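Trainee:
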Amino acid sequence: MKKLAVRIYMGLIFLFLYAPIIVLIVFSFNKTKSRGQWAGFTLDWYAQLFKDRLITEALYYTVTIAILATVISTIVGTIAAIGIHYMRGFGKNLLLNINNIPVLNPDIVTGVALMTLFISAGMRLGFMTMLIAHVLFCIPYVILAVLPKLRQLNRHIAEAAMDLGATPSYALRKIILPEIRPGIISGALMAFTMSIDDFVISFFTAGNEVSNLSIVVYSMARRGVKPTINALSTLMFLAVVILLLIINKKSGEGEELLL
Amino acid sequence: MKRMRILAYPYSVWMAIFIVVPLILVFLYSFTEGDIRNLAQLKFSTRSYERVSEPIYLKVIVNSFILATLSTLFCLALGYPVAMIVARANPKVRSMLLMFLIVPMWMNFLLRTYAWMSILSPNGFLNRLLEFFGLPRLEIMPGKTAVLLGMIYNFLPFMILPIYTVLSKIDKQYLEAASDLGANKTRTFFKIILPLSIPGVVSGITMVFLPAVSTFVISGLLGGGKTPLIGDLIEQQFMWEGNWHFGSSLSIILMVMILISMAIMSRIDRDGKQDENGHAKA
Amino acid sequence: MAKEKYIIELRNLTKSFDGVKVVDSINLKIKENEFVTLLGPSGCGKTTTLRMIGGFEEPDEGEILFEGKLLNPVPPYKRNINTVFQRYALFPHMNVFENVAFGLRIKKLPKDEIEERVEKMLRMMDLEKFGKRHVDSLSGGQQQRVAIARALVNEPKVLLLDEPLGALDLKLRKEMQIELLDMQRSVGITFIYVTHDQEEALTMSDTVVVMNEGHIQQVGTPEDIYNEPTNRFVADFIGESNIIEATMLEDRKVMFDGRVFDCVDTGFGTNVPVDVVIRPEDLQIVTDPEKGMIRGTVTSVVFKGVHYEMLIENEYREYMVHSTLMFPEETQVGMNVQPFDIHVMKKEGYG
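Chains as they are written, first to last, in my numbering: chain A, 831 to 1089; chain B, 38 to 319; chain C, 848 to 1198.
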């Protein structure tokens, strides 16, 4: 009896979580524009999607920004994490707290604050400002992923390398970096997904000329529902599921990673 | 190894420019009036804050707070049992359930919200379905109910996962000890499981309340402008009205609201922990 | 006087952390091929001293000399000194062979020479079968040996060992003590060894340096340290002892517990307050209280394997006595002590 109740409850929860996604996917193959009726199978919306300049351009910017932001934030974040790790006391706490601001602050505040800075400094909103914004909110996640690995590191391991004749930079490259690699990788993955998925901060920092997919979806959705978005959603959802499967397979600690 | 510290210096400069300065600017704009492009001639003014206290804007703030609180409570009520069921499932089933809980979260936030648009809109899937079964139509979108539903949908996993994490780490020996000492299941839940899961509940509440109170996407798409939230106001001021002073003071108020609720939450968390220690000693 | 050759010399070495002096102007000379142990409770400054010799901490003041030359400005990776770290600090992403070869690879030695030297070292450490093994898959004792091999393969002049046996269980620790000692004898290099285990220090060292609160308390052979502690701290820290406040009446006469005892110490002056040490095994119990110099009642008896540990109380204090004979609680007994077993020390600031 109790088991049945549990099953029904979980079934309802999963129905709630998946119904919208399934509806989206099903109707991306629907011939008519209206969303109540099934009028036959079509791939027209997918074809239209790839013809739409606005969407293909947005896709290009989304991916380019995500890759650039991931590379930059992973490098800068890892270096900064090592620096912060070896700091002590007040300075360390201060840096960590400031580093946490973009994580804890609502995205909208981070977005408008950056927009304020860029415009006050006379910068034109566009690709560059959006990239800076993405690097900004990605670095804290890289740092938060790398720091625990540094803490797990045997305190003496870098010293041991130097004791055996390694210069500090050799010890950093050959001993510390290989040891914290899992943290760097999970930080990079987090940065990539945060960037790909971001809407709010991009919305305020991208200006009128550049859009990523989220911005396009927002502006299209504001004007009503369009079947091309259904097609786009289906593709993006598929991409996410594939990425997720790869990560889960690779890390084996996917659960921790995804949080 | 102390020399490694210099590696943190470039990032410190970066943080100063792109984290600290922007927040200072927002703070500055919130307390001034005048041409935003000319910092030198800005004048101190509390007019933006006075404007916030006008009834229409106060109502927006109160609305945001109420909707965020409601969605947090719903998420807690719906999510706690889910977290518990997942935590108690056998390992194989558990990792599958977790996977299924996480997948929707990975879908773009806008698309998730958009999905509800296509379901809830007056001619949407839900109404067609209701019509098909000869039931009366539901007119909930655009409106508060749709916004609330969108919030619950988007943020439910943020409630489930932290609670699950804490629940799954509770040592089974506590539960065995409790039943050994004669506690029945209800008692064990209220006296052992619930107090021990407080940290997860607290972080779940924070993770739901924070994005819910500051959202403008959900209210923009599902609320149709009928029930603007504080996020919509901020968006409006910065993107369309160009009144940065008012927008900045709204942002500051939003941050203060969040800081206060986070302080309360961490207080509850701490008290919970002390309680736990107290029990351990007794 | 023949000029002795010192390999390491510490002069007024001082180091503070957050305003607390952890090492306070210590002076020490270490001879070539000596096995020196820095012994003391945790926080006494022994590890910091070792880390300054290794180059991982910079002294605030003072000098470190290596073969007569100033070592302070030399970075750790240029010092001809190697370290065996607490918990070994093996590189987890390398196998045993690569760990041992690490230092040689940095020196850019030819491949076959590296191979030869690493193989030889692994053979010496009984590790020849483990070259390809991952370090995580080794037992504590094996990891320990890899750490030593990794350091020794570089043929340092001085090997620093920071509580290297602390993570091992008792039985393995005893075995490794003997192995380490054999190794030091056979390779003939200077070992500077840090431990808080007094038994370990006494077993292995040529010279023991007892430290407390950043100061050196006593330097000497294990026998000296045990038999002739210079102050209350050393006596208390090394082995079990009865430390008694007494008065030195004159040379060879010391008074405590209301009577005068003969002893062998001289040169303290007359009527000077002193501390007296009597080791628990140096008190002989006699069944007839009247025949003892000190009389008392047995208050507790604990069987310790080889001997019984008894507490015997008189009107002044409680004595700890080790004896192979057992006297039940409540028994009235007498105790005797030989003059050379009464060790008189100058009173110092300790305690």
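Even for Gly, the Cβ is constructed at its ideal location relative to N, Cα and C.
Since we're looking at a predicted model, the values are computed, not measured.
With 8 Å as the threshold, decide whether the Cβ of B:Pro-141 is near any Cβ in chain A.
Mentor: Taking Cβ atoms only, chain A reaches closer than 8 Å to B:Pro-141, which makes this a yes.
Trainee: Hey, is the segment 996-1015 of chain A in contact with the segment 935-944 of chain A, meaning 3+ C-beta pairs nearer than 8 Å?
Mentor: As far as the Cβ criterion goes, the segment 996-1015 of chain A does not touch the segment 935-944 of chain A, which means the pair count is below three.
Trainee: State buried or exposed for C:Leu-1172, treating a residue as buried only when at least 16 other CB atoms are found within 10 Å of its CB.
Mentor: It counts as exposed.
Trainee: When you compare each of C:His-1169, C:Val-1057, C:Val-1184 to C:Asp-1044 by their alpha carbons, which one comes out closest?
Mentor: When only C-alpha atoms are compared, the closest one is C:Val-1057.
Trainee: For B:Leu-44 and A:Tyr-916, I'd like the C-alpha separation in whole angstroms.
Mentor: If I take the Cα positions, the gap works out to 9 Å.
Trainee: Just to check my reading of the structure: C:Gly-988 and C:Leu-1015 have Cβ atoms closer than 8 Å, yes? What is that Cβ distance to the nearest angstrom?
Mentor: Contact holds; Cβ gap of about 6 Å.
Trainee: I need the DSSP call for B:Leu-95, collapsed to helix, strand or coil.
Mentor: Residue state, collapsed to three classes: helix.
Trainee: Against chain A, does B:Leu-79 count as a neighbour if the rule is that its beta carbon must be under 8 Å from one of theirs?
Mentor: So no, B:Leu-79 is outside the interface.
Trainee: Is there at least one Cβ from chain B nearer than 8 Å to A:Met-960's Cβ?
Mentor: Closer than 8 Å: no.
Trainee: Between which two residues does the alpha helix (DSSP H) containing B:Glu-176 stretch?
Mentor: Note, B:Glu-176: premise wrong, no alpha helix (DSSP H); not H, not E.
Trainee: Would you check if the distance between the CB atom of A:Ile-902 and the CB atom of A:Val-965 is smaller than 8 Å?
Mentor: Yes, Cβ-Cβ distance for A:Ile-902 and A:Val-965 is below 8 Å.
Trainee: List, in chain order, every chain B residue whose beta-carbon is nearer than 8 Å to that of A:Ser-1063.
Mentor: Correct list: Met-144, Asn-145, Leu-148, Tyr-151, Ala-152.
Trainee: Check each candidate in C:Ile-995, C:Cys-891, C:Ser-1052, C:Asn-919 and name the one with the smallest Cα separation from C:Gln-933.
Mentor: That would be C:Ile-995, whose Cα lies nearest to the Cα of C:Gln-933.
Trainee: Using only the alpha-carbon positions, how far apart do A:His-986 and A:Leu-974 sit?
Mentor: Each residue's alpha carbon lies about 22 Å from the other.
Trainee: Taking Cβ-Cβ distances shorter than 8 Å, what residues in chain A pair up with B:Met-292?
Mentor: Residues of chain A passing the Cβ test: Asn-935, Pro-936, Val-939.
Trainee: Ignoring anything shorter than 3 residues, give me the beta strand (DSSP E) runs that lie fully in the segment 1095-1182 of chain C, in order along the chain.
Mentor: With a minimum length of 3 residues, the continuous beta strand (DSSP E) runs that stay inside the segment 1095-1182 of chain C are 1100-1103, 1106-1109, 1119-1125, 1131-1133, 1141-1150, 1155-1160, 1165-1170.
Trainee: Using only the alpha-carbon positions, how far apart do C:Cys-1110 and C:Ser-984 sit?
Mentor: Rounded to the nearest angstrom, the two C-alpha atoms are 58 Å apart.
Trainee: Using the Cα positions of A:Thr-904 and B:Ser-49, report the straight-line distance between them to the nearest angstrom.
Mentor: Going from the Cα of A:Thr-904 to the Cα of B:Ser-49 covers about 16 Å.
Trainee: Report the residue from C:Asp-1104, C:Gln-1065, C:Asp-1188, C:Phe-1108 whose alpha carbon sits nearest the alpha carbon of C:Glu-1160.
Mentor: Nearest option by C-alpha distance: C:Asp-1104.
Trainee: Taking the CB atoms as reference points, tell me whether C:Cys-891 and C:Asn-1078 lie closer together than 8 Å.
Mentor: No. Outside cutoff.
Trainee: Considering only residues of the segment 907-984 of chain C, which uninterrupted alpha helix (DSSP H) runs meet the minimum length of 4 residues and lie entirely inside it, listed in chain order?
Mentor: As far as the segment 907-984 of chain C is concerned, its whole alpha helix (DSSP H) runs of at least 4 residues are 943-953, 958-971.
Trainee: Nearest-angstrom Cα distance between A:Ser-858 and B:Ile-139?
Mentor: The alpha-carbon atoms of A:Ser-858 and B:Ile-139 are separated by roughly 23 Å.
Trainee: Using the beta-carbon of each residue, which ones in chain F are nearer than 7 Å to A:Thr-908?
Mentor: Annotation note: the requested chain F is absent from the structure, which comprises protein chains A, B and C.
Trainee: Anything in the segment 105-120 of chain B with a Cβ closer than 8 Å to a Cβ of chain A? List those residues in chain order, please.
Mentor: Taking 8 Å as the Cβ-Cβ cut-off against chain A, the residues of the segment 105-120 of chain B that qualify are Leu-115, Pro-118, Val-119.
Trainee: Candidates A:Leu-879, A:Ala-896, A:Asn-927, A:Val-972: which alpha carbon is nearest A:Gly-907's?
Mentor: Answer by Cα proximity: A:Val-972.
Trainee: Buried or exposed: which applies to B:Val-335, given that a residue is buried once 16 or more other Cβ atoms fall within 10 Å of its Cβ?
Mentor: Within the shown structure, residues of chain B are numbered from 38 to 319, placing residue 335 of chain B beyond reach of any answer.
Trainee: Looking only at C-alpha atoms, which of C:Glu-960, C:Gly-915, C:Leu-956, C:Pro-920 sits nearest to C:Asp-907?
Mentor: For C:Asp-907, the nearest C-alpha among the options comes from C:Pro-920.
Trainee: Using C-beta distances below 6 Å, list every residue in its chain close to A:Leu-854, excluding the 5 sequence neighbours before and after it, in chain order.
Mentor: Here the set comprises Asn-1060, Ser-1063.
Trainee: Please list the terminal residues of the continuous alpha helix (DSSP H) segment that includes C:Ser-863.
Mentor: Element bounds for C:Ser-863: not the alpha helix (DSSP H) but the beta strand (DSSP E), 853-864.
Trainee: Once you ignore the five residues that flank B:Ala-105 on each side, which residues in its own chain have a CB closer than 7 Å to its CB?
Mentor: Counting only Cβ-Cβ distances below 7 Å, and skipping sequence neighbours, we find Phe-246, Ala-249, Val-250.
Trainee: Return helix, strand or coil for A:Asp-1027, following the three-state DSSP convention.
Mentor: Here A:Asp-1027 sits in helix by DSSP.
Trainee: Would you say B:Pro-359 lies against chain A (beta-carbon separation less than 8 Å)?
Mentor: Nothing about residue 359 of chain B can be read from this structure; chain B reaches only from 38 to 319.
Trainee: Exposed or buried, which one is A:Lys-979 when buried takes at least 16 other CB atoms within 10 Å?
Mentor: Looking at its Cβ environment, which holds 16 or more other Cβ atoms inside 10 Å, A:Lys-979 is buried.
Trainee: What is the DSSP secondary structure of C:Gln-1064, counted as helix, strand or coil?
Mentor: Residue state, collapsed to three classes: strand.
Trainee: What residue range is occupied by the uninterrupted beta strand (DSSP E) comprising C:Lys-868?
Mentor: Segment 867-878, the beta strand (DSSP E) holding C:Lys-868.
Trainee: Going straight from the alpha carbon of C:Arg-898 to that of C:Asp-973, what length do you get?
Mentor: Distance between the alpha carbons of C:Arg-898 and C:Asp-973 is about 29 Å.
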